[in-house]
Amino acid sequence: MTMEEANFSLFLKALKFAANKHKNQRRKGEGGAPYINHPVQVADLLWNVGKVREPNILISAILHDTIEDTQTSPEEISELFGNDILSIVKEVTDDKSLPKSVRK
Numbered sequence: 764m765t766m767e768e769a770n771f772s773l774f775l776k777a778l779k780f781a782a783n784k785h786k787n788q789r790r791k792g793e794g795g796a797p798y799i800n801h802p803v804q805v806a807d808l809l810w811n812v813g814k815v816r817e818p819n820i821l822i823s824a825i826l827h828d829t830i831e832d833t834q835t836s837p838e839e840i841s842e843l844f845g846n847d848i849l850s851i852v853k854e855v856t857d858d859k860s861l862p863k864s865v866r867k
């Protein structure tokens, strides 16, 4: 398997994982659209507008709300996707111990 194939495979694994974790969630103010649309849109913006081609960043975009909004643990992300991706996901995860006005 080439590096490109491995990266694409990991991206698809992350997409499937996030879709499963967010399966019962809906977007607010988006006509009740499935929540998974949001992480996909973030990855799409990074790819098409930001011209980001770093696989770990795109995979992290797909996973970015799993720790914050689902029952996903950091350990689960690390085990499935590695510590580099976990580190990026944690960087963009809201600290729920802070007031919302500070987090957003």
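Just so we're aligned, residue 764 is where the sequence shown starts under our numbering, counting upward by one. For each residue, glycine too, the CB sits at the ideal point set by N, CA and C.
*Determine the closest residue to H827 out of V852, Q834, K779, with distance taken between C-alpha atoms.*
V852
_Assigned exposure category for K784 - 16 Cβ within 10 Å defines buried_ = buried
*Counting pairs of beta carbons, one from the region 787–795 and one from the region 764–779, are three or more of them closer than 8 Å?*
no
_C-alpha distance - W810 paired with F844, whole-angstrom precision_ = 20 Å
*Sort V812, A806, S860 by Cα distance to N819 and report the nearest one.*
A806
*Can you list, in chain order, the residues of its chain whose CB lies under 6 Å from that of S864, leaving out five sequence neighbours each side?*
none
*C-alpha distance - K859 paired with V803, whole-angstrom precision*: 23 Å
*If you run the structure through DSSP and keep just helix, strand and coil, what is D797?*
The question names Asp, but residue 797 is Pro in the sequence shown. In the structure shown, P797 sits in a strand (DSSP, three-state: E or B).
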